[in-house]
Structures are given as C-alpha cells and as structure tokens.
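**Student:**
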Ligand code: GRE
Ligand code: ZN
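Numbering (this note's numbering), first residue to last: 1 to 327.
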C-alpha cells in the first residue's frame, strides 16, 4: 500500500543516544545507533521504498522519563523538541513531530506541550511510561491527581497522547529475577504499559476528560486479548472491586484509546484487535529504528484484511486523528 502513515517512529539526540542499547548486542547496536541518528537519509529512502508517505517522529526511550533531575529532564525535552522541529521544517510533507515531555513536573509538561503544539506545530505527545523523580525516589504514574490539569491541557489542545513503553525499575521487577531476557520488548515493556493504561482507565480520568485520546503501541500491549476478562471478572460478583471510574473498563478502552501495529506484525493479533476495538481505532506503525520497516510494511501490505480496512489502518485513521488533511 502506498501513502502509509507510521507514528511510533523514533530518533535519538546525543543526550539520549545510549538509552536502551542493552537490548542490542553488536553488530546490531551500531546499526540501531546509526538509524536513530538519521532522519533524511536512509530512513527517507526506506519510506519511499516501502510506501510510507509520512512518519510522526518521537524521541527514543526511556530518555526524558528516566532523568531524575527535574530541571535537566525539562532541558533535554526542550532540546529534543527544538531539534525535531528543525528536522520537520526541512520536510513537513514527510515528517511531523510528537513532543517529548518531562512529566516529572506536570505544570511544566503542560506548558511544553502547549509550546510544541501552538508554536512548533507538533501533532501530539509521546511519553515513555512513568517518570522518575528524585523526590522520595518516586515513580510517577499519570492517573495521579496532580496530573489532572495536565490532562485538561491535552484535551483542550485536542491532540493525542502516545503512552510508550519503558521497563519497571529494578526494585519493582523481581518477577524477572534470573530471567533478564523477559525485560524490554520481549515482555516487560508491554506488561508495564498495559498496567499504566488500566490505571488511567480506572481512575476516572476519562469521565472528567472524555475527549482524551491515548495511543498504545504493539497492538495494545496485549490489552485487547484481556479486555473481556477484566470486565467480566469484575461484573459477575457484586462489589468485588471498586474504582473511581463510572463505567466498565472496556468502555474507556473503546472510546479513549487507539492502537498501533508497532513491532507486532501478526495477522492473528491484528484481527483480534479489530474485533475488540474496531478498525477505526487501529493505525499502522513500525517502531523504527528498533524494528524493521521491511518487516512491518511487507506484512501489512499483504495481510488478509479488507482493502477499506487497510486504507483506514494504513492511512486515513492517522490523517483524521492527527489532523493531517482529509484524504
Ligand atoms: C522502543 O520502542 O523504544 C524500544 C526500545 C528498545 C528495544 C525495543 C524497542 O527502546 O521497541
Ligand atoms: Zn517504540
């Protein structure tokens, strides 16, 4: 398919280039580092070759979220966003931006998002899971009350928020002791991100801000497969669990979430996601440079779904959500 849009596509700046490299032994590490640093060379050539008209670009992970010094986290986010704006300005027909945000400071993050959207023309934000903070060794999840004004800003600006994976901190990762292979993209990224998304759904955030739209990668971090059981297990025994939100968890999933195909190029998983959340809420992505454009595009272009669905998932859903034009 020509004209695809891909939206979980990363780059790195000098300050973040070393992040996550532990997952890539040589010689792939050198290759991924080079991919991360490139925008207009090989990346653009591969986009041409595999029918990707546009990438929405975002900083790599965990980057800003793992910087415990609040002021430094804000500085790195700003450096990355300014650099990204310069790259987008060179080829706005092929690249658009998603903002990095130092969520360590909810108010500052809202201000930076507003700057990125209104002054730099960015289309939304991509944040790498919880943020670390030096205060009391905290891990900050965004269902916490101090983030409500931030979410009000996201809703007012009418831009989507991509909740991208990161690993749990070592102190919270004992289940993986002796099995480090389970960390990162193999399992822990998805587990961590799915729980964060469920926290948002249960918190009442989407009752207060019903127009918020959260994007999850990797075909929903396994949530489409789990959604029925979550609500059913909570429904058949009265008063088993209580949460602040007014509706069933699945209702928020269907109304406030979009999924992308990043790094999960599997027809069976796509069809499950289509049945659970619907074709209007799934969008093509690769997860370059950590996954491969040829793997994602070759699978997607040939996977056995209807052509109307391919066009929606490959292009028009993203055009609508990110206000990229109506065709
Ligand atoms: C990512 O998407 O950010 C990522 C990493 C490291 C390994 C795989 C991966 O940061 O998808
Ligand atoms: Zn990614």
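Backbone N, C-alpha and C define an ideal beta-carbon position, used for all residues, glycine too.
(1) Give the range of the beta strand (DSSP E) segment to which residue 161 is assigned.
(2) For residue 157, report the span of its alpha helix (DSSP H) as first-last.
(3) Start and end of the beta strand (DSSP E) containing residue 247?
(4) Let me check you understand the geometry: is the CB of residue 112 closer than 6 Å to at least one non-hydrogen atom of the ligand ZN?
(5) Measuring only the C-alpha atoms, how far is residue 104 from residue 304?
(6) Considering just the uninterrupted stretch of the alpha helix (DSSP H) at residue 277, what are its terminal residues?
(7) Is any non-hydrogen atom of the ligand GRE found closer than 6 Å to the C-beta of residue 318, if you look at the structure I gave you?
(8) Rounded to whole angstroms, how far is the Cβ of residue 15 from the Cβ of residue 76, which I believe are closer than 8 Å?
(9) Assuming residue 322 contacts residue 124 (C-beta within less than 8 Å), just tell me the rounded distance between them.
(10) Hey, would you say the C-beta of residue 287 is under 6 Å away from at least one heavy atom of the ligand ZN?
(11) Take the Cβ of residue 27 as the centre, count every other Cβ of all protein chains shown within 10 Å, and call the residue buried at 16 or more, exposed below.
(12) On the three-state DSSP scale, how would you describe residue 51?
(13) Do residue 66 and residue 146 have their CB atoms nearer than 7 Å?
(14) Output yes or no for whether 7 Å exceeds the beta carbon distance between residue 162 and residue 79.
(15) Out of curiosity, what's the CA-to-CA distance linking residue 262 and residue 219?
(16) Could you work out which residue in 296, 326, 181 and 308 is closest to residue 50 when comparing CA atoms only?
(17) For residue 209, which residues from the same chain have a beta carbon less than 6 Å from its beta carbon, with the 5 sequence-adjacent residues on both sides left out?
(18) Can you give me the Cβ contacts of residue 228 inside the same chain, cut-off strictly under 6 Å, excluding the 5 residues immediately before and after it?
(19) Do residue 100 and residue 44 come within 7 Å of each other at the CB atom, strictly closer than that value?
(20) With a 10 Å radius around its C-beta and 16 neighbouring C-beta atoms as the bar for buried, classify residue 298 as buried or exposed.
(21) Check residue 132 in the structure and name its three-state DSSP category.
(22) Buried or exposed for residue 2, going by 16 or more other Cβ atoms inside 10 Å?
(23) Residue 97 lies in the alpha helix (DSSP H); which residues open and close that run?
(24) Just curious, the alpha helix (DSSP H) that residue 193 is in, first and last residue?
(25) Strictly by DSSP, which residues pair up with residue 127?
**Tutor:** Based on what the coordinates show:
(1) 161 to 163
(2) 148 to 157
(3) Unbroken run through residue 247: none, as it is neither H nor E.
(4) no
(5) For residue 104 and residue 304, the gap between their C-alpha atoms comes out near 43 Å.
(6) In the DSSP annotation of this structure, the continuous segment of the alpha helix (DSSP H) that includes residue 277 starts and ends at 267 to 277.
(7) no
(8) 5 Å
(9) Indeed they touch by this definition, with Cβ atoms about 7 Å apart.
(10) yes
(11) With fewer than 16 other beta carbons inside 10 angstroms of its own, residue 27 counts as exposed.
(12) coil
(13) no
(14) Cβ atoms of residue 162 and residue 79: not closer than 7 Å.
(15) 7 Å
(16) 296
(17) 151 and 155
(18) none
(19) no
(20) exposed
(21) Strand at residue 132.
(22) exposed
(23) Per DSSP, residue 97 belongs to no alpha helix (DSSP H); it is in the beta strand (DSSP E), 95 to 97.
(24) Element bounds for residue 193: 188 to 202.
(25) Per DSSP, 163.
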